[in-house]
Amino acid sequence: MTVTSQPSRQSGETLVRVEDLHKHYPVRSLRVFGAQESAIRAVNGVSFEIRRGETLGLVGESGCGKSTTGRTLLRLEEPTAGHVWFEGVDLADLDGERMRMIRKRMQVVFQDSADSLNPRMSTGRAIAEPLHIYEMGTDAEIKAKVAELMELVGLNPAWAKRFPHEFSGGQRQRINIARALAIDPDFIVLDEPISALDVSIQAQVVNLLADLQTRLGLTYLFIAHDLAMVRHISDRIAVMYLGRIVETADANAIFEEPLHPYTQALISAVPLADPKRERTRIPIVLEGEVPSPGNMPPGCVFHPRCPQAVDRCRTEIPEYREFTPGRFVACHLVDEDGSHIIDRTGL
Amino acid sequence: MITPITPRQTARAGELILDVVDLRVSFDSPDGMVHAVNGISFELRSGESLGVVGESGSGKSVTMMSLVGLLASPPASIDGGTAILRDGDTAIDLLAAGRSEIRRIRGGRVGFVFQDPLSALNPTMRVGEQIAESVRKHRGLEDDEAEAETIELLRAVGIADPERRYRSFPHEFSGGMRQRVMIAIAMAGDPPIVIFDEPTTALDVTVQAQIVELVKTRLKQERGTAIVWITHDLAVVAGIADRVAVMYGGTIVESGPVDEIYENPQHPYTRGLLEAIPSADSDGTTRLASIEGSPPDLLVEPNFCPFQPRCRHAFDRCIDERPLLREVGEEHLIACHFDIDRGEPAR
């Protein structure tokens, strides 16, 4: 195994623990014999831990539930079932005021878009807003803090009076990051934070996020679909498919030795900025399309598209379990020692 | 009888089929004149694929849309240049062609596939009929023949059960399938050139892999179609292009054979872009090299190097004089006053 990790970044205590998280959206459809209820199972039993100071990358294709997982974890949406612990405290047990205080320590940065910032609010006011909401300091103190934050994210504090439209996409994302940092959070959910940015600007923002993590000891859940960038920034990566995590492992292990057949297909589809290697890369082409989360296949959710599926995969949901330390896979075909997939298709 | 699809015979491989010289396009905007394309020249030979790489505002899409008469004028204005489309002994200047002529060329001689197929397709018309329309128009086939040919095209682009799918509407298709339909429409007239404008940007990575594979086998290999692939994604281009043109601020700053561009980039912007993305083996321990600063202000007439404000090698001449393309290797051109390997101004 070529799993290389940085022990210092991985040895932290668990900051966030998610267990069997579900988010279902009811769908009512009128039938002849009255209303029938079914559900879109956007998140369907997701469990993971994030250690203090680390970055967990959460990847998967559109509709897999990765953003809903982030939003539900933060209680921006109420989970249908499951638990989220922050520093060992179950968020479900918290009343309004205690939830408010804990939420202050969990922030979110979304993809930059035209409406990620209020167009009529100056940059300074936008960054100061969370400080005012949590009554963190006098006006003068807040003003000083805003200048400090702007400097921290690489913006000129003299631009505090400018409005969002006067900034480029990369600069607006720096404003969003400054806003998230204003109230000194421990944990930030980064939901596609660089997807809307140009390539040359993405590197600026990724470097900024890495610097801030080192300086402030931040913990990140980095949700994105750009796998090369996720690998770069993450310590560990969790791969989602149709509302479930199918595999979690060290970032390099996910790329170099993917175990779940979906992870293998996903990684093999990532193009490389290297023409010579591109000529020999053979993507595993998946047949068909992702089924609707309103109509889950029985057994393993991936079995209808899995090139290696066997009978058992069609009826029995595979347990998501730890095969080797830190390597979790939900697949019937993984060998007992967690080293490879047993090919049973030829049997 | 169905017209058999055979590789194109009209132009020999390697023959010059499109020759664009000094193209200039501007837009009238409330803030003033936007200098979108500032003197672009490039060639396309039959059967080759050209990757056009650039960030937002680089002018890559505007260049291609101006060639096939897809820019609304006003606000757009083509201020100069020629774009000679050759086919055997005939030659037409696309920029001087009349409306009806350009409509005939579009689809018949130059196909176009956009990023967003949903806005390019008619939502109220069955997809088969939309493809058949193109087959009738450009191939002169009548109803039954056109339908049979359309079904063959649907099959060729990998749509299962094409007889039934002929009668589906665009909203019944996934994003990847809609893009397959767009490719079928582009193939319907069997044009010698197909321009792809960010065709996979909105798609998931496994679907992107399917589309790239489709274009490589069905168009590039089987038909010998010349391909222009516009993208911001250096990794996708590495796998599909024979030659690459890198655009910045409405100009081509570097062009050359694909291996040469990735292994031996000579323009500071190209080098910066390649260093700004994680390499295929990046384990996250190295920092990305970001290009500082923001994208260029296109309201300023570029009498200087557009990259100069962000370039760490810039010197007086870069502000005083716009660099023109010069040869630095076989078919390898750069627009730069600096010799990056020697670390001094070019002689």
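Chains as they are written, first to last, in our numbering: chain X, 2 to 348; chain S, 364 to 710. Built from N, CA and C at the ideal position, the CB exists for glycine as well.
Listed in chain order, the beta strand (DSSP E) runs fully inside the segment 433-482 of chain S are 439-450, 453-456, 473-476, counting runs of at least 3 residues. The residues 665, 666, 667, 668, in chain order, have a CB closer than 7 Å to that of residue 685 of chain S in the same chain once the five nearest residues on each side in sequence are set aside. When rounded, the separation of the alpha-carbon atoms in residue 631 of chain S and residue 599 of chain S is 21 Å.
In summary, residue 526 of chain S is exposed, with fewer than 16 beta-carbon neighbours lying within 10 Å of its beta-carbon over all protein chains present.
Our two residues, residue 543 of chain S and residue 411 of chain S, have alpha carbons roughly 21 Å apart in a direct line.
Counting only Cβ-Cβ distances below 7 Å, residue 419 of chain S has contacts in chain X at 199, in chain order. Against chain X, the beta carbon of residue 595 of chain S has neighbours under 9 Å at 199, 200, listed in chain order. About 19 Å separates the CB atoms of residue 393 of chain S and residue 169 of chain X; that is not less than 8 Å, and the two are not in contact.
For residue 70 of chain X, the enclosing alpha helix (DSSP H) covers residues 67-74. Taking a 10 Å sphere around the C-beta of residue 128 of chain X, we find 16 or more other C-beta atoms and assign the residue as buried. Of all alpha-carbon atoms in S:619, S:614, S:602, S:650, the one lying nearest the alpha-carbon of residue 275 of chain X is that of S:602. Interface with chain X (8 Å Cβ-Cβ cutoff): residue 569 of chain S is included. For residue 481 of chain S and residue 377 of chain S, the gap between their C-alpha atoms comes out near 35 Å. Below the 8 Å Cβ cutoff, chain S contributes 567, 568 as neighbours of residue 226 of chain X, in chain order. Chain order gives no chain S residues near residue 117 of chain X, where near means a beta carbon separation below 9 Å; the closest approach is about 17 Å. What residue 217 of chain X touches in chain S, judged by beta-carbon distance under 8 Å, is nothing: the nearest beta carbon there is about 17 Å away. One Cα belongs to residue 98 of chain X, the other to residue 436 of chain S, and the distance between them is close to 58 Å.
Under the three-state reduction of DSSP output, residue 27 of chain X falls in the strand class. Listed as beta-bridge partners of residue 383 of chain S by DSSP are S:405, S:446. In the three-state reduction of the DSSP assignment, residue 297 of chain X falls in the coil class.
Nothing from the segment 148-161 of chain X brings a Cβ to less than 7 Å from some Cβ of chain S. For the segment 248-313 of chain X, the full-length alpha helix (DSSP H) segments reaching 4 residues or more read 252-257, 262-269, 276-281 along the chain. Around the beta carbon of residue 293 of chain X, fewer than 16 other beta carbons lie within 10 angstroms, which makes this residue exposed.
Burial state of residue 678 of chain S is exposed, judged by a 10 Å Cβ sphere holding fewer than 16 other Cβ atoms.
With fewer than 16 other Cβ atoms from the protein chains shown falling within 10 Å of its own Cβ, residue 162 of chain X counts as exposed. Following the DSSP letters along the chain, one finds residue 513 of chain S inside the alpha helix (DSSP H) bounded by residues 506-519. Taking 8 Å as the cut-off, the Cβ atoms of residue 691 of chain S and residue 697 of chain S count as close. Within chain X, 169, 199 have C-beta atoms less than 7 Å from the C-beta of residue 658 of chain S, given in sequence order. Contact of residue 650 of chain S with chain X is assigned, a C-beta pair being separated by under 8 Å. Interface criterion met: the Cβ of residue 205 of chain X is under 8 Å from a Cβ in chain S. Distances from the alpha-carbon of residue 40 of chain X to those of X:308, X:325, X:342, X:296 put X:296 closest. Counted as a single uninterrupted DSSP element, the stretch harbouring residue 606 of chain S is not any alpha helix (DSSP H) but the beta strand (DSSP E) occupying residues 606-611. Classified as buried, residue 498 of chain S has 16 or more neighbouring CB atoms from the shown chains inside 10 Å of its CB. Taking every protein chain shown into account, the CB of residue 199 of chain X has 16 or more other CB atoms within 10 angstroms, so this residue is buried. Between residue 105 of chain X and chain S, the shortest Cβ-Cβ separation is not below 8 Å.
Per the Cβ contact rule, the segment 223-236 of chain X is not in contact with the segment 301-312 of chain X (fewer than 3 Cβ pairs under 8 Å).
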